[in-house]
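Under full-length UniProt numbering, think of the first position of the sequence shown as 1, with each following residue one higher.
We put the beta carbon where it would ideally sit given N, CA and C, even for glycine.
Treat the numbers as computed from the prediction; the structure is a model and nothing was measured.
Following: one structure in structure tokens, then a few remarks.
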Amino acid sequence: MKVAVIGNGGREHTIAWKIAQSSNVEEVICIPGNGGTALENKCRNVEVQNSDYAGAAKANGCTLAVVGPENPLSEGAADALWAAGIPVIGPKKAGAQLEASKDLAKAFMKKYGVACAKSETFTDEKSALEYVEQQGAPIVIKADGLAAGKGVVVALTLDEAKQAVKDLMEGSAVGDAGKKIVIEEYLRGVEISVLAAVSVTPEYAKEGKAAIASFLSARDHKRLLDGAKGPNTGGMGAICPVDDFTEDLKKKFYEEIEFPTLRGLVEEGYDYRGFIFFGIMLTKDGPKALEYNVRLGDPETQAVLPMMDFDFVEMCQAIIDGNLKNFDFKWKSGYQVAPVAVSGGYPKAYKKGMTISEDKAKVEETGAKIFIAGAVAESESGKTVLKTSGGRVLACSAHGSTFDEAWKKSYAALEAVSFEGMFYRKDIGLPGAAESN
Ligand code: AMP
Ligand code: GLY
Numbered sequence: 001m002k003v004a005v006i007g008n009g010g011r012e013h014t015i016a017w018k019i020a021q022s023s024n025v026e027e028v029i030c031i032p033g034n035g036g037t038a039l040e041n042k043c044r045n046v047e048v049q050n051s052d053y054a055g056a057a058k059a060n061g062c063t064l065a066v067v068g069p070e071n072p073l074s075e076g077a078a079d080a081l082w083a084a085g086i087p088v089i090g091p092k093k094a095g096a097q098l099e100a101s102k103d104l105a106k107a108f109m110k111k112y113g114v115a116c117a118k119s120e121t122f123t124d125e126k127s128a129l130e131y132v133e134q135q136g137a138p139i140v141i142k143a144d145g146l147a148a149g150k151g152v153v154v155a156l157t158l159d160e161a162k163q164a165v166k167d168l169m170e171g172s173a174v175g176d177a178g179k180k181i182v183i184e185e186y187l188r189g190v191e192i193s194v195l196a197a198v199s200v201t202p203e204y205a206k207e208g209k210a211a212i213a214s215f216l217s218a219r220d221h222k223r224l225l226d227g228a229k230g231p232n233t234g235g236m237g238a239i240c241p242v243d244d245f246t247e248d249l250k251k252k253f254y255e256e257i258e259f260p261t262l263r264g265l266v267e268e269g270y271d272y273r274g275f276i277f278f279g280i281m282l283t284k285d286g287p288k289a290l291e292y293n294v295r296l297g298d299p300e301t302q303a304v305l306p307m308m309d310f311d312f313v314e315m316c317q318a319i320i321d322g323n324l325k326n327f328d329f330k331w332k333s334g335y336q337v338a339p340v341a342v343s344g345g346y347p348k349a350y351k352k353g354m355t356i357s358e359d360k361a362k363v364e365e366t367g368a369k370i371f372i373a374g375a376v377a378e379s380e381s382g383k384t385v386l387k388t389s390g391g392r393v394l395a396c397s398a399h400g401s402t403f404d405e406a407w408k409k410s411y412a413a414l415e416a417v418s419f420e421g422m423f424y425r426k427d428i429g430l431p432g433a434a435e436s437n
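What follows is the structure in structure tokens.
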């Protein structure tokens with residue numbers, strides 16, 4: 001079979017790489033893919049016109065599609081793929097609003113009793129400012145709509161909070177995404193990411209087949225600098241699994257977050273066959289949901305998928321067919337560590353077009369896999385070279401039977417890669433590296 005993977009980041013390179021390992025897969029069509037997928041075994045990049053992913057998948061004979069990012073999902077890419085007769089991993093537009101609207105997500109969490117921070121939604125600046133004044137700082141201000149990671153301000157002082165309300169609501173910070181805002185109680189704790197497979201349709205709900213199955217836990221590191229300092233980024237590295245997610249916390253997570261979410265997906269009547277990502281704060285009162293994403297995390301995927309000891313396409317088929325309950329998830333033991341290398345200057349302006357060089361023998365020695373995020377493959381004097389094209393350029397993901405072993409291998413691989421201006425955190429997964437309040 002041919003499988004379409006939609007998106008062009010590190011997450012999509014990882015998904016394509018994992019899908020290519022399935023013996024049933026003849027070709028992975030990456031729409032549009034990147035320099036990593038251009039060079040990956042069994043993978044081929046295909047351009048897309050006017051976001052017509054369904055057209056591109058159909059023209060290339062795909063019989064399954066996996067949508068990586070949230071934007072196409074919230075715009076109805078899954079609906080279009082289904083309508084074109086292609087089964088798809090990724091919720092239809094209605095379910096995708098759980099990420100596209102923070103207000104909707106919070107209303108959903110409250111309705112179904114999902115453990116989360118207390119919050120109120122505002123469309124009027126004056127009432128929002130009054131509420132902030134009344135609640136005091138620290139407090140969290142969130143734009144309702146998708147804002148590519150720029151829509152959340154964790155305000156430590158009242159002044160910062162008021163400024164954030166103004167910036168978001170007066171349209172300068174994130175445009176229309178900030179016309180409505182959610183103001184949320186500040187939670188103290190440390191964050192983790194739990195990604196899960198979801199198989200929910202109204203029919204599966206009736207037949208008792210609706211299911212959710214979480215993967216091994218992961219942790220992203222969003223701040224640019226060691227010790228969780230500096231500006232927020234799209235993610236500087238991930239680890240899997242996370243030791244501080246204890247059995248007791250997992251049980252609470254299941255009872256207070258995961259199961260009520262499944263119930264909500266069922267009761268809302270969604271056709272949600274895909275992935276859900278729970279952003280979780282581990283507080284002293286147990287795990288609390290910070291957000292839903294309707295897709296896998298990036299760069300969590302680069303750490304979680306290599307830990308999968310099962311066929312990804314078989315899992316996708318179980319999701320599509322309503323057999324997720326019976327799917328046998330097997331995981332490797334040990335750990336995966338995946339630090340990310342970024343372009344110098346990121347998350348502000350950075351140069352593009354830097355040639356990436358790699359000491360292949362050294363990387364091979366570590367057993368690490370390099371997942372490309374922001375780089376394109378170009379032909380230069382008869383050879384194919386990778387040139388940087390984005391802020392986050394690549395991740396080196398390595399496995400070890402201990403955390404220490406995985407950590408050393410991933411960093412040894414990263415040190416064998418270079419491009420002008422390359423920058424990375426040196427503490428991914430180490431004590432003090434995680435975001436915490
Ligand atoms: P979100 O996009 O909602 O996950 O928010 C982005 C980041 O802001 C999270 O990863 C947290 O680091 C932080 N954050 C969000 N909500 C809260 C909260 N209620 N309390 C403390 N920090 C938060
Ligand atoms: N790693 C966070 C995200 O994918 O949104």
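Check	Outcome
Between the C-alpha atoms of leucine 216 and alanine 148, what's the straight-line distance to the nearest angstrom?	25 Å
As an exercise, report each continuous alpha helix (DSSP H) stretch of at least 4 residues that is fully enclosed by the stretch 258-283, in chain order.	259-267
From isoleucine 370 to cysteine 396, what distance separates their C-alpha atoms?	5 Å
In its own chain, which residues sit with a C-beta less than 8 Å from the C-beta of alanine 434, not counting the 5 before and 5 after it?	Val190, Glu191, Arg219, His221, Ala228
Taking Cβ to Cβ, would you say threonine 63 is nearer than 8 Å to methionine 109?	no
Just tell me which of Lys118, Gly145, Ala196, Ser389 has its CA closest to the CA of glycine 35.	Ser389
Using a Cβ-Cβ cutoff of less than 6 Å, which residues in the same chain neighbour glycine 95 once the five nearest sequence positions on both sides are dropped?	Tyr270, Tyr272
Relative to the C-alpha of glutamate 27, which residue among Gly61, Ala54, Gln49 is closest?	Gly61
Please return the same chain residues whose Cβ sits closer than 8 Å to the Cβ of serine 74, not counting the five positions on each side in sequence.	Lys93, Ala96, Gln97, Glu99, Ala100, Leu146, Val294
Kindly list the residues whose CB is nearer than 7 Å to the CB of lysine 325, restricted to its own chain and excluding five residues on each side of it in sequence; keep chain order.	Lys209, Ala211
I'd like to confirm the pairing. Which residues does DSSP put opposite proline 32 in its beta bridges?	Gly7
Please list the terminal residues of the continuous alpha helix (DSSP H) segment that includes leucine 430.	From DSSP, leucine 430 is part of no alpha helix (DSSP H); its letter is neither H nor E.
Please name the residue or residues paired with phenylalanine 423 in a DSSP beta bridge.	Val342
Taking its Cβ as the centre, do 16 or more other Cβ atoms sit within 10 Å of threonine 246, making it buried, or is it exposed?	exposed
Quick one: give me the first and last residue of the alpha helix (DSSP H) that glutamate 191 is part of.	Counting along the chain, glutamate 191 falls outside any alpha helix (DSSP H), though it belongs to the beta strand (DSSP E) covering 190-200.
Using the Cα positions of alanine 412 and glutamate 258, report the straight-line distance between them to the nearest angstrom.	37 Å
Relative to the alpha-carbon of valine 266, which residue among Val242, Lys206, Pro299 has its alpha-carbon at the smallest distance?	Lys206
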